[in-house]
Amino acid sequence: MDNYKIVDGWKYVQHDGSLDIKRASDYVTVSNTVFTLHDKTILIGHSDSNDAEDTGKLRVTFHNNLFTRIVQRTPRVRFGNVHLFNNIFDNDIDDPIYKYQYSFGIGKNSRTLSEFNFFRVKGWTEHCGMFKEFGGSYLSDVDSTFNRLPSDDEWGMDRPPSDLNSCGFNSSFEMPPYDYFPQQGMTEELEYSIRNSVGNIFDYRILV
Numbered sequence: 042m043d044n045y046k047i048v049d050g051w052k053y054v055q056h057d058g059s060l061d062i063k064r065a066s067d068y069v070t071v072s073n074t075v076f077t078l079h080d081k082t083i084l085i086g087h088s089d090s091n092d093a094e095d096t097g098k099l100r101v102t103f104h105n106n107l108f109t110r111i112v113q114r115t116p117r118v119r120f121g122n123v124h125l126f127n128n129i130f131d132n133d134i135d136d137p138i139y140k141y142q143y144s145f146g147i148g149k150n151s152r153t154l155s156e157f158n159f160f161r162v163k164g165w166t167e168h169c170g171m172f173k174e175f176g177g178s179y180l181s182d183v184d185s186t187f188n189r190l191p192s193d194d195e196w197g198m199d200r201p202p203s204d205l206n207s208c209g210f211n212s213s214f215e216m217p218p219y220d221y222f223p224q225q226g227m228t229e230e231l232e233y234s235i236r237n238s239v240g241n242i243f244d245y246r247i248l249v
């Protein structure tokens with residue numbers, strides 16, 4: 042799934058289900074996509090009782106995506122092995138409609154590996170609030186940053202990256218079964234590149 046813009050801002054459809062990956066779906070990649078104006082955004086694994094079907098499946102990768110003005114579930118995981126790298130999470134706890142609650146929901150028998158992601162949560166100084174436990178225990182992070190922004194950002198805090206593994210989760214993880222080459226460290230240039238590469242940026246007339 043590549044180069045989509047997923048937005049459900051109308052009052053009666055903004056609550057639940059921008060993207061559901063469930064019922065033994067496997068080897069899914071979501072890239073260069075913008076998710077915006079939504080509450081419960083991404084669900085990986087739909088039920089704690091679906092272990093017979095989902096165990097060993099739900100292997101999902103997210104990279105180079107933008108999550109902005111989102112309340113929660115980016116993603117909320119059960120059973121899956123989820124890998125996220127070079128994503129931007131740009132949210133605000135005082136947004137007039139989409140008041141941020143958390144990013145990763147760590148659910149039953151799931152493993153989440155986060156690498157070189159960029160978390161901007163306006164109004165927060167405590168990074169552990171970005172992760173919510175729903176019966177799961179495995180979350181590992183490699184060199185993501187929290188509210189450490191390009192120097193020209195008017196409200197950013199010039200601080201070193203947070204140790205995102207210090208939030209009470211088991212940080213052991215399995216290496217993804219593929220080669221990948223993440224950009225290491227958020228810079229102004231990388232943020233600009235991601236923001237200008239996400240969404241439906243192609244003219245269909247060029248593609249046909």
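Note that my numbering has the sequence shown beginning at 42, numbered continuously upward.
Glycine residues also receive a C-beta, built at the ideal position from the N, C-alpha and C atoms.
Contact check between the segment 140-148 and the segment 107-114: three or more CB pairs, one atom from each, fall below 8 Å, which counts as touching. Cβ contact annotation for F159 (same chain, cutoff 6 Å, sequence separation greater than five): I129, T186 and M227, in chain order. The residue from V75, T96 and K81 with its alpha-carbon nearest to that of G240 is V75. In the structure shown, S234 falls within a helical segment according to DSSP collapsed to helix, strand and coil. Secondary structure of D80 (DSSP, three-state): strand.
For I134, the number of other beta carbons within 10 angstroms of its own is below 16, and it is reported as exposed. Scanning L107, V118 and R189 for the CA closest to the CA of Y45 turns up L107. Residue pairing from DSSP places I129 in a beta bridge opposite L107 and F159.
Listed in chain order, the non-local C-beta contacts of G176 below 6 Å within the same chain comprise G148 and K149, local neighbours out to five positions each way being set aside.
A straight-line Cα-Cα distance of about 15 Å links T166 and S207. For R189, the closest alpha carbon among the candidates V162, V118, H87 and K81 is that of V162. For E174, the enclosing beta strand (DSSP E) begins and ends at F172 to F175. DSSP places D220 outside both helix and strand once states are collapsed to three, so it counts as coil. Taking a C-beta distance under 8 Å as the contact criterion, D92 and A65 do not qualify as a contact pair.
Excluding residues up to 5 positions away in sequence, D61 and R117 lie with their Cβ nearer than 6 Å to the Cβ of L84 in the same chain. Setting aside the 5 residues that flank it on each side, Y179 is surrounded in the same chain by R152 and N211, each with a C-beta closer than 6 Å to its C-beta; the list follows chain order.
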